[in-house]
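Residue numbers (full-length UniProt numbering): 1 to 185.
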Amino acid sequence: AYSPFTTWVQIVKDWMKTKGDTGKRKTFVNTTLGETWEAKIGERPDAEVMAERKEHYSAPVPDRVAYLTAGIDSQLDRYEMRVWGWGPGEESWLIDRQIIMGRHDDEQTLQRVDEAINKTYTRRNGAEMSVSRICWDTGGIDPTIVYERSKKHGLFRVIPIKGASVYGKPVASMPRKRNKNGVYL
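Below, the structure written as structure tokens:
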């Protein structure tokens, strides 16, 4: 024990007094035993059980939001979409985040992406807003999938992009060329 001037009998009595009180137990472990308190952690919940418990929180679009944009990240086994609201002075809010699981080239998966693209978001006053512009990453998958969806949703609404990790590159620039299908690149 850390307390050299305390008897073992007193240490046991002090220990017994901490029963059922986490705060007192923590103080006892830290001061009397001279050890770092480590909270007892129960068994980890199963990931599937936790996934079943999740709730999708939906709140009205903040009043200061003037327009919505989105970005879609393409992966082989999913699409991840984030919707951002933009206000004066480039103030921004994350409005929605969706992970759409499924093969990137599966039509049912792509239909769920279409639904996410066409989703509307409600303001407090009941007015609905849709996403104005969407940048959709073509990296890592067959880019023709994104090109076809861009053409379907509107060439200036859904813009195929290729992400870059080079410092100093512009965040976005207007497309300068079209592919053979008329999709801006």
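Even for Gly, the Cβ is constructed at its ideal location relative to N, Cα and C. Small disclaimer: the values here were computed from a predicted structure and weren't measured.
Beta carbon proximity, residue i to chain D, threshold 8 Å
i: Gly139; result: Of the protein chains in the structure, only one exists, and it is not chain D.
For residue j and residue i, the rounded distance between their alpha carbons
i: Lys139; j: Tyr121; result: Lys is not the amino acid found at residue 139; the sequence shown has Gly there. Their backbone Cα atoms lie some 28 Å apart in a straight line.
i: Val83; j: Glu38; result: 40 Å
i: Asp96; j: Met81; result: 8 Å
i: Trp136; j: Thr18; result: 58 Å
i: Val158; j: Ser58; result: 24 Å
i: Glu128; j: Asp105; result: 31 Å
i: Tyr67; j: Ser130; result: 8 Å
i: Asp73; j: Gly85; result: 18 Å
i: Trp93; j: Thr22; result: 39 Å
i: Val9; j: Arg25; result: 17 Å
i: Leu155; j: Ile145; result: 14 Å
Limits of the alpha helix (DSSP H) - the one that residue i falls within
i: Leu68; result: Segment Tyr67 to Gln75 is the beta strand (DSSP E) holding Leu68; no alpha helix (DSSP H) there.
i: Ala47; result: Ala47 to Arg53
Identified DSSP bridge partners for residue i
i: Gly23; result: Beta-bridge pairing links Gly23 to no other residue.
i: Ile99; result: Glu80
i: Gly85; result: Leu68 and Trp93
i: Val61; result: Arg123
Residue range of the beta strand (DSSP E) that includes residue i
i: Ser130; result: Glu128 to Asp137
i: Thr122; result: Thr120 to Thr122
Reduced DSSP category for residue i - H, G, I as helix; E, B as strand; rest coil
i: Arg157; result: coil
i: Lys17; result: helix
i: Ile117; result: helix
i: Lys180; result: coil
i: Phe28; result: helix
Inter-residue CB distance, residue i and residue j (contact presumed, cutoff 8 Å)
i: Thr109; j: Ile100; result: 6 Å
i: Thr69; j: Arg133; result: 5 Å
i: Phe28; j: Asp14; result: 6 Å
i: Arg64; j: Gly87; result: 4 Å
i: Ile141; j: Leu76; result: 7 Å
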